[in-house]
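Counting from -6, one number per residue, gives the positions in the sequence shown under the numbering used here. A quick write-up on the structure given underneath.
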Amino acid sequence: MTTFDRLKSLCEEQKISIVELEEKLGFGRNSLYGWKKKIPNGANLEKVADYFGVSVDYLLCRTEKKRYFDLTEKDEQDIQNELQKMIEGLSTSGHAAFDGRTLDELSEEELEDRELLLSSLENSLRLAKRVAKQKFTPKKYRK
């Protein structure tokens, strides 16, 4: 995939044409089409990256992470490990009891409630990780 292909897919996601993007960013006509054959300059790359909220490295196809705060595979593993610890803690302590029964003692009808609880915990962990990355990543690493 080339830089132009990446740009084109971002435009399609936003439902705008490349010509519209050029107008919005104040670029000359067909200047972005030149990215098919040559590497764009840094200033234009930054403008486009800022417009779409992605990293320059993503535009240049150096990474698949669109944003510096997107979760990596390691982050996902950490979330799953933390979720397992939480489940074990809730199961053994009895703090997450349904009518006096722990998570493991639920009937078939109540399993949906258990899954909803676990899904909610997982989403909360994922959100907390992204917010932490946005808030605490030093500016020099925000590419």
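Using N, Cα and C, we set each Cβ at its ideal position, and we do this for glycine too.
What residue from Pro33, Leu118, Leu52 and Arg60 has the CA that sits closest to Thr130's CA?
Along the sequence shown, read from residue 1 onward, the residue named residue 130 stands at position 137. Answer by Cα proximity: Arg60.
Check whether the Cβ atoms of Val49 and Leu38 sit closer than 9 Å, and answer yes or no.
Reading the sequence shown from its first residue, position 56 is the one you call residue 49. Reading the sequence shown from its first residue, position 45 is the one you call residue 38. Yes. Within cutoff.
Considering only the beta carbon of each residue, do Thr85 and Lys29 sit closer than 9 Å?
Locating residue 85 in the sequence shown gives position 92, counting from the first residue. Locating residue 29 in the sequence shown gives position 36, counting from the first residue. Not a contact, by the Cβ cut-off of 9 Å.
Arg123 versus Phe62: straight-line alpha-carbon distance, rounded
Counted from its first residue, the sequence shown places residue 123 at position 130. Counted from its first residue, the sequence shown places residue 62 at position 69. Their Cα atoms are separated by approximately 6 Å.
Among Lys78, Arg(-1), Lys17 and Leu110, nearest to Ile32 - alpha-carbon criterion:
Start at 1 with the first residue of the sequence shown, and residue 32 comes out as number 39. Among Lys78, Arg(-1), Lys17 and Leu110, the Cα nearest to that of Ile32 belongs to Arg(-1).
CA nearest to the CA of Ile80, picked from Arg107, Arg22 and Phe45
In the sequence shown, counting from the first residue as 1, residue 80 sits at position 87. Closest by alpha carbon: Arg107.
Work out the CA separation of Asp71 and Ile11 for me, nearest whole Å.
As a working mapping, residue 11 is identified with position 18 in the sequence shown. As a working mapping, residue 71 is identified with position 78 in the sequence shown. Going from the Cα of Ile11 to the Cα of Asp71 covers about 39 Å.
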